[in-house]
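2 protein chains.
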Amino acid sequence: MKEGPDIARIASLVGDPARANMLTALMDGGALTASELALEAGVSLPTASSHLAKLMDGKLLTVASQGRHRYYALSGTEVANMIEAISGVAAHSGPKRARPGPRDKSMREARVCYDHLAGDHAVAMFDRFVAEEIIVRDDEEIRLGPVGAGFFATIGIDTSTLGNSRRPMCRACLDWSVRRSHLAGSLGTAILDKILAEKWARRPAGSRVVEFTPPGRKAFEKLFLA
Amino acid sequence: MKEGPDIARIASLVGDPARANMLTALMDGGALTASELALEAGVSLPTASSHLAKLMDGKLLTVASQGRHRYYALSGTEVANMIEAISGVAAHSGPKRARPGPRDKSMREARVCYDHLAGDHAVAMFDRFVAEEIIVRDDEEIRLGPVGAGFFATIGIDTSTLGNSRRPMCRACLDWSVRRSHLAGSLGTAILDKILAEKWARRPAGSRVVEFTPPGRKAFEKLFLA
DNA sequence: TCCATGGTTCGATGGTAGTCGAAGCATTCT
DNA sequence: AGAATGCTTCGACTACCATCGAACCATGGA
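Residue numbers (full-length UniProt numbering), protein chains in the order written: chain B, 1 to 226; chain W, 1 to 226.
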């Protein structure tokens, strides 16, 4: 009967799966483009655009136009707190989270996260990069480490050309199946590109799964998990 | 694409206006019956029952069967925190809350909250009861004060018969238009009954508004707001 | 034992909101 | 300028779910 703030309105905004996916994708505080969010949410671009308009209308998101890109981000910590609180309840509620992650084993092992690799392999690779000081992480920020440029040069990735774009070369992306970070950004894209170019793995159509071939996996491990 | 806890599922539970009303009605930590919640939400009993089943399924509510009543309550502080967090965002988002409360002036002044009086008059009455030690509040608990039984006896309410039922005689109910407590429980019901029996006020059909007659208002003020 | 009251289930209805294809703007690169 | 990319708008379709009346169960009281 009390009708305080219109709680139902904004709860219903979060209540749609597509929008919820978008919001959680932005929970790291980063900004993503509409197309990236469309992929994250698993919907078409028009649909995503509609959802984004609704989220903007509810003031849950802010947008920054940069050239022909529109970068969407959470509008503030209050929104993040809310998502966090909802997640807490959901964790206690939902179907027993005995298996935290996707039902699909291969998805958990290796999948593509828009344009870079995610899953166990990606997290292991990220850890090794940090251990070897190929990349260094300063709190939230991630940069190429002292031996980084050299390392990537040896495997045919020219890091000097990756810094040009407005897009950050290195970005941390929280892996939902492992709950740890993996590498995104243009460098992450370059690595995924190489994996596919070398035919170490292929992507079954209509899925995010990345299927390594047996020799491909060996080569990948030798190169990135040495 | 991270698919952590099923946040959309429980957000959509809160996203329905009827359910949101129910949840906010329970935000004081109390327990209400299905019919009370139906009135709070402004829906029919079958509809309310369906919503309650869904909220139970999502583990947002607990239920305690007492006789033929079923008392629903929030399942824990985590749920309350979530509602609180959502309210915070909603306050920043929604249509300017210049007028915190109902658009209807008469509603804000006096209305019925299921079976007791709410609104400005009810809050003023509650304050006076506390000031005069007619009732005393111990934190969350409310009891009849030292002069309480005598006071109510003089106006024709026998408090000794009100304690029999399982229902608490005194209960605090948070008034949404003033954001302060008013009196619920069987004593609150008795007072409302008296007001209507004395014809100090009447209830237009199909509304929660309580319309005092001019002499009725005088009598009410003399008796309860002296 | 029978009635009254509080709740839930069932079935049918209607409205609303999510979805995508196609077309339309805007910006940037060649 | 022309082409390509990123994004939004429009229109039509669909599916889901909130809603309520009526019937059905359960408990408590006479």
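Glycine included, C-beta positions come from ideal geometry on N, C-alpha and C.
Of the other Cβ atoms in all chains shown, 16 or more fall within 10 Å of the Cβ of W/Gly148; this residue is therefore buried.
The C-beta distance from W/Met125 to W/Leu225 rounds to 6 Å, short enough to fall under 8 Å. Among the bridge pairs identified by DSSP, W/Thr154 is matched with none. Taking 7 Å as the cut-off between beta carbons, the residues of the stretch 84-95 of chain B near chain W are Ala85, Ile86, Ser87, Gly88, Val89, Ala90, Ala91, His92, Ser93 and Gly94, in sequence order. The distance from the Cβ of B/Ala38 to that of B/Ala48 is about 4 Å, consistent with a contact at the 8 Å cut-off. Checking the DSSP bridge columns, you'll see W/Arg19 has no partner listed.
Contact of W/Met56 with chain B is not assigned, every C-beta pair being separated by 8 Å or more. Secondary structure within the stretch 38-83 of chain W: the beta strand (DSSP E) runs of 3 or more consecutive residues, fully enclosed, are 61-66 and 69-74 (chain order). Under the three-state reduction of DSSP, B/Val210 is assigned to coil, being neither helix nor strand. Proximity to B/Leu45 across B/Phe129, B/Ala18 and B/Leu61 peaks at B/Ala18, based on C-alpha coordinates. With three or more CB-CB distances shorter than 8 Å, the stretch 7-17 of chain W counts as touching the stretch 4-13 of chain B. Taking CB atoms only, W/Val209 has no neighbour in chain B less than 8 Å away. Of all residues in the stretch 9-27 of chain W, those with a C-beta nearer than 9 Å to a C-beta of chain B are Arg9, Ile10, Ala11, Ser12, Leu13, Val14, Gly15, Asp16, Pro17, Ala18, Arg19, Ala20, Asn21, Leu23, Thr24, Ala25 and Met27, reading in chain order. Listed along chain W, the residues sitting closer than 7 Å to B/Val79 by beta-carbon distance are Val89.
Contacts between B/Asp120 and chain W, judged by CB atoms closer than 8 Å, are missing: the closest CB pair is about 14 Å apart. Assignment of B/Leu117 by DSSP, reduced to helix, strand and coil, places it in the strand class. Contact between B/Ala90 and W/Ile7 holds: CB atoms are separated by about 5 Å, below the 8 Å threshold.
At a cut-off of 8 Å between C-beta atoms, B/Met125 does not count as an interface residue with respect to chain W. Rounded to whole angstroms, the gap between the alpha carbons of W/Glu132 and W/Arg143 is 13 Å.
Against B/Lys222, chain W offers no close residue; the least beta-carbon distance is about 28 Å (beta-carbon pairs closer than 8 Å).
For W/Leu32, DSSP records a beta bridge to W/Tyr72.
In the structure shown, W/Ile195 falls within a helical segment according to DSSP collapsed to helix, strand and coil. Rounded to the nearest whole angstrom, the CA to CA distance from B/Gly188 to B/His121 is 13 Å. Leaving aside the five residues that flank W/Gly145 on each side, the residues in its chain whose CB is nearer than 7 Å to its CB run, in chain order, Glu133, Ile134, Ile135 and Val136. For the set W/Pro215, W/Arg217, W/Ile157 and W/Ala219, the Cα lying nearest the Cα of W/Asp193 is the one of W/Ile157. Contacts with chain W at 8 Å (Cβ-Cβ) do not include B/Lys199.
Straight-line measurement puts the Cα of B/Gly42 at about 16 Å from the Cα of B/Arg203. When C-alpha distances from B/His116 are compared across B/Lys54, B/Ile195, B/Leu74 and B/Ala25, the shortest belongs to B/Ile195. Here the alpha carbons of W/Leu183 and W/Lys218 stand approximately 20 Å from one another.
DSSP places B/Arg203 in the coil class of the three-state scheme, outside both helix and strand. Here W/Leu144 is bridged, per DSSP, to W/Ile135. C-alpha of B/Ile83 to C-alpha of B/Gly58: approximately 14 Å in a straight line.
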